[in-house]
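J.: Following this message is one structure expressed as structure tokens.
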Amino acid sequence: MEQFPRFDHDGRVALVTGAARGLGRSIALALANAGADVALGLRIQGSGDDAIDEIQQMGRRAIGLQMDVLDLNQVSA
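Heads up, the final residue of the sequence shown is numbered 84 in the working numbering, and it's a clean run with no missing numbers.
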């Protein structure tokens, strides 16, 4: 596993958009490593399943939520 900078987010929940790959995925993993449960905002449902699995292996809760962040109704739902 990669080494992450340490910051404490125990008991918090984070929503990370674009979490299926790249920078969004790295942010989601870093937040989970810091103790947060993570909701992954995904344009395509199922595209972040591997990140969800990795977060759950850290002992954190994770869920993938399909959304288009340009549509605020989808984000608030």
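The beta-carbon is built from N, C-alpha and C at its ideal position, and this holds for glycine as well.
Quick check: what's the CA-CA separation for Gly-25 versus Gly-53?
T.: 12 Å
J.: State the DSSP-derived secondary structure class of Gln-73, mapped to helix, strand or coil.
T.: strand
J.: Could you check which residue in His-16, Asp-15, Ala-84, Gln-63 has the C-alpha nearest to that of Leu-72?
T.: For the set His-16, Asp-15, Ala-84, Gln-63, the Cα lying nearest the Cα of Leu-72 is the one of Ala-84.
J.: From this set, Asn-80, Gln-81, Met-74, Arg-68, which residue's C-alpha is nearest Gly-18's C-alpha?
T.: Arg-68
J.: Out of Ala-41, Arg-32, Arg-28, state which residue places its alpha-carbon closest to the alpha-carbon of Val-20.
T.: Ala-41
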